[in-house]
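Data first, discussion second: the structure below is written as structure tokens.
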Amino acid sequence: MRDTISVISSTQNKINKKRQNSKQASQSRINKLKLSSTTVDDRISIEKNHFKYEQASKAIPILAQAFANGFFTEVNCRILPETLLDQLAQQVYQFVRKQDELNRSLILNRFFEEALLNEYVNKIYVGDFEENKIKTKEINSMHIILYKTKDDYPLNHEISIEGEKQKLACRWSLPHYQFESLWETLEFDLPLKSQLMQYVFTVIRFDKANIDRTVIHCNQTILLYGPPEKRVLGCGKTTLCKGLAQKVSIRMKELFSRFYFYELNAGSLFSKWFSESSHNLSRFFDDITRICYDPLTFVIILIDEIESLSISRISSLSSNEPSDMLRVVNTLLTQIDRLKSFSNILILTTSNLIEIIDQALIDRSDLILFIGPPSIKTTFHIYRACFQELIEKNLIYSSCQSDELKDKLWNLAKLSQGLSGRTLRKLPMMAFSHIQQIDHFIYPEQLFQAMHQQLIYHKNTNNYLQQFNNP
């Protein structure tokens, strides 16, 4: 059973019929191929690849339109009933059209009078636009994706180091429930999410168009970097990478059959034996290369804190760093060059110390984006999402008017300037824990006061620690 279907709702039935006819016609053409010299397994593989190519060629224009509008409707289903997919997609379309407003990324999870949605749907994610409003005409061309997340445990990618097995990376099959909603909870001042998704789609689109890579270069490598100050760590780089991987696996499902996400543990690479560290890195990328030979598998690799593997070779030589570190840097660069011949891979890297990264790695990064602390406006949106979550789960009883609540959240956001997104999202929980709860819920004013106190405590703690960092 397919995990995902994609339809344009305004012409849903026609497209589904065309898709079915196209599939049958494509299968008929495949059966007529002269495959007398191939084995049965080879023949099945060729048929699958040929059909996937036909499917991809039809999906690319539809995806291009959805990316141009910046408007996706993604439906996380408990079950994907094959006989009801058309009906389910149509009901999603009608339900979204009934919403009063569509601003930013909307999550719908209450379907009071929609029997089919209540039975089969967990959540509906509407839009991926990072502006406040969406044009009305765009809703007439809604790209609906029905999918079901996987719930298996991540696979440990192990290698033998000095006679012992060590976990070198974790591998998830996507889309996975652990990465669900990460994308929607992230707030940035600039349209970073749209930029990242457009980049990935462009890479795939160029490949499907057979663009000559000797003419137009592409390394399929992204570098996200943040400020070096310790007080603003936790700006969302790693979460953004995981959310991106999840969204790629959902939106590109018509183009690939499998999606794997690897999170590399850089600390496990290093060995006390000379040159063994670079060998460990090579073995990991050898395994990745073997997987990439399957054109229907898309691989995403996350290397967090990339500076630990790519410290500048010039500075290493001047500071007498061990030569094994230089070998690791050289190996990493070689492996990135090796993998760029495949179009079904994406390498995501993060760092808070971009100034010490080897320039050759920076040059190999197609996209380099700064992820800084949130502005007052972004902080306001983060706090509003936190309050809405607590109100929906009946932990806060709100009798405040929306304008009154908005003003209080905005004032709180001003006091929170300079804090990281990670700290901002922890603040409501820490404040809530300091409130003596007589009833099973609290009032917004109680949480506001507690959050003010937590902000004062947090800033005092930071000021105390800062005196040790600046002797």
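Residues 431 to 901 (my numbering) are what the sequence shown spells out, left to right. For every residue, glycine included, the Cβ atom is placed at its ideal position computed from N, Cα and C.
**Item:** Proximity of residue 813 and residue 839 at Cβ, strictly below 7 Å
**Value:** For residue 813 and residue 839, yes; Cβs fall inside 7 Å.
**Message:** Quick check on the DSSP output: the beta strand (DSSP E) that includes residue 596 runs from which residue to which?
**Reply:** Here the beta strand (DSSP E) through residue 596 covers 594-603.
**Request:** Could you name the residues of the same chain whose beta carbon sits closer than 6 Å to that of residue 453, not counting the 5 residues immediately before and after it, in chain order?
**Result:** The pLDDT assigned to residue 453 is 47, lower than 50, so where the model puts this residue is not dependable; a value taken from the coordinates is nonetheless given after this. Non-local C-beta neighbours of residue 453 in its own chain, meaning closer than 6 Å and more than five positions away in sequence, are absent.
**Request:** Would you kindly work out how many angstroms separate the C-alpha atoms of residue 457 and residue 487, rounded to a whole number?
**Result:** In this prediction, residue 457 scores a pLDDT of 43, lower than 50, which makes its location untrustworthy; the coordinate-derived value is nonetheless stated afterwards. Roughly 15 Å separates the two Cα atoms.
**Request:** Leaving out five residues on either side along the sequence, give the residues of the same chain with a beta carbon under 8 Å from the beta carbon of residue 539.
**Result:** For residue 539, same chain residues with a beta-carbon under 8 Å away, outside a window of 5 residues either side, are 552, 553 and 554 in chain order.
**Request:** Taking only runs that begin and end inside the stretch 651-728, name each unbroken beta strand (DSSP E) of 3 or more residues, in chain order.
**Result:** Qualifying beta strand (DSSP E) stretches, in chain order: 651-655 and 688-694.
**Item:** Selected residue, minimal CA-CA separation from residue 606, among 694, 491, 676 and 769
**Value:** It is 676.
**Item:** Proximity to residue 832 [Cα-Cα], best of 724, 817 and 763
**Value:** Taking only the C-alpha atoms, the option nearest residue 832 is 817.
**Asked** Since residue 665 and residue 801 are thought to touch, with beta carbons under 8 Å apart, how far apart are those beta carbons, to the nearest angstrom?
**Response** Correct: roughly 5 Å between the Cβ atoms.
**When 868, 558, 522 and 557 are compared against residue 547, the one with the closest alpha-carbon** = When only C-alpha atoms are compared, the closest one is 522.
**Request:** Kindly indicate which three-state DSSP category residue 882 falls into: helix, strand or coil?
**Result:** In the structure shown, residue 882 falls within a helical segment according to DSSP collapsed to helix, strand and coil.
**Asked** Where does the unbroken alpha helix (DSSP H) through residue 630 begin, and where does it stop?
**Response** DSSP places residue 630 inside the alpha helix (DSSP H), whose first and last residues are 622-638.
**Within 7 Å, strictly: CB atoms of residue 503 and residue 589** = The criterion of a C-beta distance shorter than 7 Å is not satisfied by residue 503 and residue 589.
**Prompt:** Going by the beta-carbon positions, is the gap between residue 507 and residue 576 smaller than 7 Å?
**Reply:** It is a contact, given that the beta carbons lie within the stated cut-off.
**Stretch pair the stretch 622-641 + the stretch 490-502: three plus CB contacts closer than 8 Å** = Short answer: they touch.
**Request:** Report buried or exposed for residue 519, applying the criterion of at least 16 other Cβ atoms within 10 angstroms of its Cβ.
**Result:** With 16 or more other Cβ atoms within 10 Å, it is buried.
**Request:** Scan the stretch 744-832 and note each continuous beta strand (DSSP E) run of 3 residues or more that stays entirely inside, going in chain order.
**Result:** With a minimum length of 3 residues, the continuous beta strand (DSSP E) runs that stay inside the stretch 744-832 are 775-781 and 797-800.
**Item:** Burial state of residue 881, where buried means 16 or more other Cβ atoms lie within 10 Å
**Value:** Flag for residue 881 reads buried.
**Prompt:** From residue 815 to residue 706, what distance separates their C-alpha atoms?
**Reply:** Spanning the two alpha carbons is a distance of roughly 47 Å.
**Asked** Three-state secondary structure (DSSP) at residue 889?
**Response** Residue state, collapsed to three classes: helix.
**Request:** Below 6 Å CB to CB, which residues in the same chain sit around residue 730 once its five sequence neighbours on both sides are set aside?
**Result:** Taken in chain order, the residues that qualify are 675, 691 and 776.
**Item:** Assumed close pair residue 804, residue 854 - CB separation to whole angstroms, cut-off 8 Å
**Value:** With 8 Å as the limit, residue 804 and residue 854 qualify as a contact, their Cβ atoms being about 7 Å apart.
**Prompt:** What distance in whole Å lies between the Cβ atoms of residue 714 and residue 599, which are believed to be in contact at a cut-off of 8 Å?
**Reply:** Correct: roughly 7 Å between the Cβ atoms.
**Item:** Rounded separation between residue 631 and residue 887 - CA only
**Value:** Roughly 44 Å between the two C-alpha positions.
**DSSP beta-bridge partners of residue 586** = DSSP lists 600 as partners of residue 586.
**C-alpha gap between residue 821 and residue 836, whole angstroms** = Roughly 14 Å between the two C-alpha positions.
**Asked** Taking the continuous beta strand (DSSP E) assigned at residue 644, which residues delimit it?
**Response** Neither: residue 644 is in no beta strand (DSSP E) and is coded neither H nor E.
**Asked** In whole angstroms, what separates the C-alpha of residue 874 from that of residue 527?
**Response** The straight-line gap from Cα to Cα measures roughly 31 Å.
**Asked** If we count the other Cβ atoms within 10 Å of its Cβ and call it buried at 16 or more, is residue 689 buried or exposed?
**Response** Residue 689 should be labelled buried.
**Prompt:** In the structure shown, what three-state DSSP assignment does residue 741 receive?
**Reply:** Residue 741: strand per DSSP, three-state reduction.
**Request:** Compare the beta carbon distance of residue 680 and residue 797 with 7 Å and say whether it is the shorter of the two.
**Result:** Taking C-beta atoms as the reference points, residue 680 and residue 797 fail to come closer than 7 Å.
**Item:** Per-residue burial, residue 809 [other beta carbons within 10 Å of its own, 16 or more giving buried]
**Value:** Around the Cβ of residue 809, a 10 Å sphere holds 16 or more other Cβ atoms; the residue is buried.
**For residue 543 and residue 654, the rounded distance between their alpha carbons** = Their Cα atoms are separated by approximately 43 Å.
**Message:** Given this structure, state the Cα-to-Cα distance separating residue 643 from residue 773, to the nearest angstrom.
**Reply:** Between residue 643 and residue 773, the C-alpha separation is close to 10 Å.
**Message:** Which same chain residues end up closer than 8 Å to residue 712 when comparing Cβ atoms and leaving out the 5 residues on each side of it in sequence?
**Reply:** Around residue 712: 761 and 765.
**Other residues of its chain near residue 878: CB distance less than 7 Å, five sequence neighbours each side excluded** = Cβ within range, chain order: 838 and 842.
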